[in-house]
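A.B. asks: Quick one: the structure is below, and I'll ask about it shortly.
Number of protein chains: 2
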Amino acid sequence: MRENRLQVLLWERAKQPDLGAWSLPGGYLEPGETLEESIRRHLAAKVDVREVAHLEQLETLSDPDRGAREWQLATCYLGLVPRDLDPALPEDTHWHPVDELPRMAFDHGDITLAGRERLRAKLSYSNAGFALAPQEFTLSELREIYVAALGHPVSATNLKRVLLRRGALEPTGEVRSHGPSGGRPAALFRFRSRGLEITDPFAVLRPPR
Amino acid sequence: MRENRLQVLLWERAKQPDLGAWSLPGGYLEPGETLEESIRRHLAAKVDVREVAHLEQLETLSDPDRGAREWQLATCYLGLVPRDLDPALPEDTHWHPVDELPRMAFDHGDITLAGRERLRAKLSYSNAGFALAPQEFTLSELREIYVAALGHPVSATNLKRVLLRRGALEPTGEVRSHGPSGGRPAALFRFRSRGLEITDPFAVLRPPR
DNA sequence: ATAGGTTTTAGACTATCAGTCGTAAACCTC
DNA sequence: GAGGTTTACGACTGATAGTCTAAAACCTAT
Chain A
0 MRENRLQVLL
10 WERAKQPDLG
20 AWSLPGGYLE
30 PGETLEESIR
40 RHLAAKVDVR
50 EVAHLEQLET
60 LSDPDRGARE
70 WQLATCYLGL
80 VPRDLDPALP
90 EDTHWHPVDE
100 LPRMAFDHGD
110 ITLAGRERLR
120 AKLSYSNAGF
130 ALAPQEFTLS
140 ELREIYVAAL
150 GHPVSATNLK
160 RVLLRRGALE
170 PTGEVRSHGP
180 SGGRPAALFR
190 FRSRGLEITD
200 PFAVLRPPR
Chain B
0 MRENRLQVLL
10 WERAKQPDLG
20 AWSLPGGYLE
30 PGETLEESIR
40 RHLAAKVDVR
50 EVAHLEQLET
60 LSDPDRGARE
70 WQLATCYLGL
80 VPRDLDPALP
90 EDTHWHPVDE
100 LPRMAFDHGD
110 ITLAGRERLR
120 AKLSYSNAGF
130 ALAPQEFTLS
140 ELREIYVAAL
150 GHPVSATNLK
160 RVLLRRGALE
170 PTGEVRSHGP
180 SGGRPAALFR
190 FRSRGLEITD
200 PFAVLRPPR
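Residue numbers (numbering that gives the first Met the number 0), protein chains in the order written: chain A, 0 to 208; chain B, 0 to 208.
Right, dumping it as structure tokens:
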């Protein structure tokens, strides 16, 4: 979440092929490391993103025609960076709104959309919001995050009720006033857990009591 | 579904390491093929399973210690074979109940359980049942399949109501009597589609009308 | 200080859907 | 035809999501 929109971190290619197109961060797997270790290493080295709140594997692509020979196999990961973190970025790296992508290198546009879809799904049946939201937040702020990520209106009443019943959210007891223009101060909340927890995967045909 | 239980196809290793342990079917990726083409080729060649109703990627494992050097990377797939298909199997290959696994080779036990979990989740928010059920079936038969796959009781009333409302099921108009012991003949149903369709991924916080 | 505007919060009401149960329907065997 | 078995149907209840209204708590301007 940057500037109240869902954004993805991209870097601009300085070499052929696809010079000038924008690319997802990543790199090669080194001997002796796992895929997750590898993507964390590349993120830290290339774009200084060391604090990824959530990282999960998306899919392994294997089309022989998807690029150069050594790129046939690529395992994609979805990583989420909370809204209040602002990692230092090199010159060629920027955040881009997911629904206004620039010219993307190779199949990275498709991969980005796949990541967005995974995020949408996870938000609905897990506490994945913790990985986008700051430590503490008002319900209105959380609602803005869900609206941006889901792409449709979200009722603040329902959001609060659902997340509270799930036990995903808890009030901090504090309130926060907003500068000029007034309004009742909003209660602050935090996510009870900062690890991914599936809350209701089997909404239908759940086991009887 | 075999003998009214959820079973997985395994073959017995005839070589070290893990001689005598049971292993998931699979093999190496050849140059120029995709992962899905590869797993279909290996299934057809090794265990004569040519009719997989549904095949989806599970996860790519990458632990450097998960086996021999050339096995560090393995992409796992979940394949579902309908209950009425009975592929010819070679000597060393058998179906095994998923909740009574034999001694498994390497990490194949964990992979099997991961596949089972994925199946459980998919059954609840998609029409994945079509890949386990025969072409036509009674509601009782379908209920047996769901019970075996989900591992908990399922109400036939709710199953029918939910799948009909989703539009996943349709009555064939036929009925089928069961041999001796009587009982009202059961109406036959079929799945309206034989391709995977996500039916209700965003059960919560769905867009308002 | 008070009035008016703004934002958040809480509760009531309604609609939808899942879980349970009882009863009728349709078949079998004796 | 009686009794047993399985399936089908509908009513009832409970839980949850969507909507709406009013009150609470703050700001600014007069």
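For each residue, glycine too, the CB sits at the ideal point set by N, CA and C.
Can you tell me where the alpha helix (DSSP H) with glycine 108 of chain B in it begins and where it stops?
C.D. replies: 107 to 124
A.B. asks: So, is valine 174 of chain B buried or exposed, given that buried needs 16 or more other C-beta atoms within 10 angstroms?
C.D. replies: The C-beta of valine 174 of chain B has fewer than 16 other C-beta atoms within 10 Å across all chains shown, which makes the residue exposed.
A.B. asks: Roughly how many angstroms separate the alpha carbons of serine 123 of chain A and valine 161 of chain A, rounded to a whole number?
C.D. replies: 10 Å
A.B. asks: Using Cβ-Cβ distances below 8 Å, what residues of the segment 95 to 118 of chain B are close to chain A?
C.D. replies: none
A.B. asks: Please state if the CB of alanine 185 of chain A and the CB of serine 125 of chain A are separated by a distance shorter than 8 Å.
C.D. replies: Their beta carbons are not under 8 Å apart, which means serine 125 of chain A does not touch alanine 185 of chain A by this criterion.
A.B. asks: Would you mind stating whether leucine 9 of chain B and leucine 79 of chain B have Cβ atoms separated by less than 8 Å?
C.D. replies: In this structure, leucine 79 of chain B does not lie closer than 8 Å to leucine 9 of chain B by Cβ.
A.B. asks: Going by C-alpha distance, which of A/Leu18, A/Asp106, A/Ala147 is nearest aspartate 64 of chain A?
C.D. replies: A/Asp106
A.B. asks: Apply the 10 Å Cβ neighbour rule to isoleucine 110 of chain A and answer buried if 16 or more other Cβ atoms are within range, or exposed otherwise.
C.D. replies: buried
A.B. asks: Arginine 82 of chain B and proline 30 of chain B look like a contact to me (Cβ under 8 Å); what is the Cβ gap, rounded to whole Å?
C.D. replies: That belief does not hold up - the Cβ atoms of arginine 82 of chain B and proline 30 of chain B are roughly 36 Å apart, past 8 Å.
A.B. asks: Decide if leucine 84 of chain B is buried, meaning its Cβ has at least 16 other Cβ atoms within 10 Å, or exposed.
C.D. replies: exposed
A.B. asks: Mind listing the chain A neighbours of leucine 246 of chain B? Cutoff is C-beta to C-beta under 9 Å, in chain order.
C.D. replies: The structure shown does not extend to residue 246 of chain B, since chain B spans only 0 to 208, so no value can be given for it.
A.B. asks: Which of the three DSSP states is assigned to histidine 93 of chain B in this structure?
C.D. replies: strand
A.B. asks: Could you give the distance in angstroms between the alpha-carbon of valine 48 of chain A and the alpha-carbon of glutamate 90 of chain A?
C.D. replies: 14 Å
A.B. asks: Under the rule that 16 or more other beta-carbon atoms within 10 Å means buried, what is isoleucine 144 of chain B, buried or exposed?
C.D. replies: buried
A.B. asks: At the 8 Å Cβ level, is glycine 31 of chain A part of the contact set with chain B, yes or no?
C.D. replies: yes
A.B. asks: In chain B, what lies closer than 7 Å to glutamine 56 of chain A by C-beta?
C.D. replies: Counting only Cβ-Cβ distances below 7 Å, glutamine 56 of chain A has contacts in chain B at Glu58, Thr59, in chain order.
A.B. asks: Since I believe leucine 42 of chain B is in contact with proline 24 of chain B (beta carbons under 8 Å), could you give me their beta-carbon distance rounded to a whole number of angstroms?
C.D. replies: 6 Å
A.B. asks: Write down every uninterrupted run of the alpha helix (DSSP H) in the segment 128 to 184 of chain B whose length is 4 residues or greater and which is fully enclosed by it, in chain order.
C.D. replies: 138 to 149, 155 to 165
A.B. asks: Quick check on this structure: which residue in A/Leu141, A/Gly166, A/Phe188, A/Gly108 has the alpha carbon closest to the alpha carbon of glycine 172 of chain A?
C.D. replies: A/Phe188
A.B. asks: Grab me the residues of alanine 52 of chain B's own chain with a C-beta within less than 6 Å of its C-beta, minus the 5 sequence neighbours each way, in chain order.
C.D. replies: Leu79, Pro81, Ala130
A.B. asks: What are the residues that DSSP puts in a beta bridge with leucine 54 of chain B?
C.D. replies: Paired residues: B/Gly78.
A.B. asks: How big is the Cα-Cα spacing for valine 46 of chain B and isoleucine 38 of chain A?
C.D. replies: 36 Å
A.B. asks: Hey, how far is the Cα of glycine 194 of chain B from the Cα of leucine 88 of chain A?
C.D. replies: 44 Å
A.B. asks: Going by C-alpha to C-alpha distance, which of A/Gly182, A/Pro101, A/Thr137 sits closest to leucine 18 of chain A?
C.D. replies: A/Pro101
A.B. asks: Rounded to a whole number of angstroms, what is the C-alpha to C-alpha distance between glycine 26 of chain B and alanine 120 of chain B?
C.D. replies: 27 Å
A.B. asks: State the start and end residues of the unbroken beta strand (DSSP E) segment that holds leucine 195 of chain B.
C.D. replies: Leucine 195 of chain B -> no beta strand (DSSP E), and no H or E assigned at all.
A.B. asks: So, are the CB atoms of alanine 148 of chain A and threonine 198 of chain A less than 8 Å apart?
C.D. replies: At the C-beta level, alanine 148 of chain A and threonine 198 of chain A stay beyond 8 Å of one another.
A.B. asks: Suppose you measure from the CA of glutamate 36 of chain A to the CA of arginine 117 of chain B; what does that come to, to the nearest Å?
C.D. replies: Roughly 24 Å between the two C-alpha positions.
A.B. asks: Could you tell me the distance, in whole angstroms, from the CA atom of phenylalanine 190 of chain A to the CA atom of tyrosine 76 of chain A?
C.D. replies: 23 Å
A.B. asks: Using DSSP with H/G/I as helix, E/B as strand and the rest coil, what is serine 61 of chain A?
C.D. replies: coil
A.B. asks: Between the Cα of isoleucine 154 of chain A and those of A/Arg164, A/Arg165, A/Leu141, spot the shortest distance and give me the residue it belongs to.
C.D. replies: The question names isoleucine, but residue 154 of chain A is serine in the sequence shown. Per the Cα distances, A/Leu141.
A.B. asks: In the DSSP output, what is methionine 0 of chain A paired with across the bridge?
C.D. replies: Answer by DSSP bridge pairing: none, since methionine 0 of chain A is not bridged.
A.B. asks: Please report how far the alpha carbon of serine 180 of chain B lies from the alpha carbon of valine 97 of chain B, in whole angstroms.
C.D. replies: 31 Å
A.B. asks: With 16 other CB atoms within 10 Å as the buried threshold, where does glutamate 99 of chain B fall?
C.D. replies: Counting Cβ neighbours within 10 Å, glutamate 99 of chain B comes out exposed, since fewer than 16 surround it.
A.B. asks: What residues in its chain sit with their C-beta under 6 Å from that of leucine 50 of chain B, if we drop five residues either side in the sequence?
C.D. replies: Note that residue 50 of chain B corresponds to glutamate in the displayed sequence, not to leucine. Hits under 6 Å: Leu84.
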